[in-house]
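Below is one structure, written out as structure tokens; comments come after it.
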Amino acid sequence: MQFSTDVEHMFTQEEIEEILKDEQNFYIEHAEKNWLNRYFKIKAMANETKVPSIISSISDMPQGSSNFKKSKTEMYALKTIQASEWLEILHSTIDSLSPIEQKLIELKYLRRRNDGSRYSDEVIYPQLFVGKTRYYEIKKEALEILGRHLYGVFAERGFS
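For what it's worth, UniProt numbering labels the leading residue of the sequence shown as 1, then goes sequentially.
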């Protein structure tokens, strides 16, 4: 109990609010940069079926156990599995949000216009039946929650 009292006297209220704001911005940026902005690329990788070239190579270098190489087919299969796992984690985390937060994330980050760009916020908030100010509050909260959960997975499993 004494520790928390000491800490309270070390920082001003403004400093505490600034620290919390920085933390919130970190998680929002993590959700957008490491997960949502990569969504379509990872989704394409998960759905991609590549057939590797079937070309033999001859080498005079011995193939010892320390120089073990996976086949190209196996590498493609592993990448597809990892991409599918990544998508599964993202979708299950999105499913843990409130319905309006889920819809906002889906409309803003998981759908594209015909030209490949994202829908603007001005197009999305009327679809959610909320005002502009409330929309940005929901968006900020949803991204922070998403970022916190996904950062835990990121640290635990080493997704990058």
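Glycine included, each C-beta is placed from N, C-alpha and C at the ideal position.
Residue i - containing alpha helix (DSSP H), residue span
{"i": "E106", "result": "P99 to Y109"}
Close beta carbons around residue i, own chain, < 7 Å, minus the five adjacent residues each side
{"i": "I145", "result": "L97"}
{"i": "N67", "result": "Unreliable positioning characterises N67 in this predicted model, as indicated by a pLDDT of 49, which lies under 50. The coordinate reading is nonetheless provided below. Taken in chain order, the list of residues that qualify is empty."}
{"i": "Q24", "result": "E144"}
{"i": "K132", "result": "Y125"}
{"i": "L107", "result": "Y119, I124 and Q127"}
{"i": "L36", "result": "Y109"}
Three-state secondary structure assigned by DSSP to residue i
{"i": "G116", "result": "coil"}
{"i": "S84", "result": "helix"}
{"i": "V153", "result": "helix"}
{"i": "V123", "result": "helix"}
{"i": "E48", "result": "coil"}
{"i": "K140", "result": "helix"}
{"i": "G131", "result": "coil"}
{"i": "S92", "result": "helix"}
With 16 other Cβ atoms within 10 Å as the buried cut-off, status of residue i
{"i": "E14", "result": "exposed"}
{"i": "E101", "result": "buried"}
{"i": "I138", "result": "buried"}
{"i": "L78", "result": "exposed"}
{"i": "G147", "result": "buried"}
Q: Return the chain-ordered ranges of every beta strand (DSSP E) run that is complete within the stretch 9-43 and spans a minimum of 3 residues.
A: none
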